[in-house]
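Position one of the sequence shown corresponds to residue -8 (the working numbering), numbered consecutively onward.
Please read the structure below before turning to the comments.
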Amino acid sequence: MLLHVKARIQFLFAICLLLRYDKADARHSLSEQESLKLEKQLQLLNKPAIKTIKTNNGDIYDCVDFYKQPAFDHPLLKDHDFSPQMKPSLHTLERHVMSSKTIGLEGGGCPFGTVPIRRVTKDDLIRQRHMQGMDETPAFHGNNLNDSEAVAFKGGYRGDLEGGRGSSEPFLPKNYTYAGVQLPDDQTNDITGAGMIMSLNKPLVQKNQHSAGRVKVQNGLDSIQVGWWDPTLYGDNNNRLYVFFKAGKSGCFNTLCPGLYLYK
């Protein structure tokens, strides 16, 4: 019995060492130059806060003066005319009223004239550098879909999407479900938004795996997607809201995107 308990303690101790080593190894893999570069980036991203709010998830949100948010460091926004009083300029074409639960920050949120920005850590920057698989969903090109036609299908082979005319190259894992709508190729088309109704699930995922539910609007190589992501982006196992922007071959998350400004 004593040997059994001793072996168990040694086993748990070995696991702790492995977990600590894994985290330490990720940090030590950065060169001194890379580490200094990340520190400089943190100084630019994390602005002085008028109010600080800590959430139940352990995140820290800084209420930053509207005019001092990181977006306005972008050269193209130096002479902007934005203000906290801004309202959406798009006209509502159609609205479906449904009951929903409001999600907000504790403590009454941020005061007027400020915007809530999640405080960025060095680990956040490291994780974003190593994020993969954000663009796994197939893009609709060529004859994939007829104009204004919608399609829903499960992961399989590219030929399945193209009505059997395409190749047998797999484009998504079999456990993926995907739906899409393609508009006619017309320069006068205006997309004012997109939405979805979805359930939130928390399946067990292993290292380098993820679970996600998202809606994506794409034009050529440029796209915006919004949804819930688990677990790589935030370093925990909770379903988290995210926004991912892609322009050409470059992409970024949330407020880490240069020039992304907030208002409320």
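Using N, Cα and C, we set each Cβ at its ideal position, and we do this for glycine too.
This one's a predicted model, so the numbers in the text were calculated from it and none came from an experiment.
With 16 as the cutoff for other CB atoms within 10 Å, does residue i come out buried or exposed?
i: residue 103; result: exposed
i: residue 182; result: exposed
i: residue 246; result: buried
i: residue 31; result: exposed
i: residue 188; result: exposed
i: residue 78; result: exposed
i: residue 72; result: exposed
i: residue 227; result: exposed
i: residue 207; result: buried
i: residue 106; result: buried
i: residue 27; result: exposed
i: residue 115; result: buried
By Cβ distance, which residues of its chain are closer than 8 Å to residue i, with the 5 residues on each side in sequence left out?
i: residue 38; result: 53, 55, 56, 59, 60, 61, 108
i: residue 240; result: 212
i: residue 120; result: none
Within its chain, find whatever has a CB closer than 6 Å to the CB of residue i; leave out the 5 residues flanking it on each side and keep chain order.
i: residue 231; result: 220, 225
i: residue 238; result: 213
i: residue 234; result: 217, 245
i: residue 195; result: none
i: residue 215; result: 208, 236
i: residue 204; result: 189, 218, 219
CB-CB under 7 Å to residue i, same chain, minus the five flanking residues each way: which ones, in chain order?
i: residue 75; result: 57, 103, 104, 254
i: residue 185; result: 206, 208
i: residue 101; result: 42, 54, 107
Return the Cβ separation of residue i and residue j in integer angstroms, given the expectation that the two are a contact with Cβ distance under 8 Å.
i: residue 97; j: residue 46; result: 7 Å
i: residue 33; j: residue 64; result: Residue 33 to residue 64, Cβ: 13 Å. No contact.
i: residue 229; j: residue 48; result: 6 Å
Using 8 Å as the Cβ pair cut-off and three pairs as the minimum, do the segment 97 to 113 and the segment 47 to 57 touch?
yes
Inter-stretch contact (C-beta, 8 Å, three-pair minimum) for the segment 173 to 183 and the segment 193 to 204:
no
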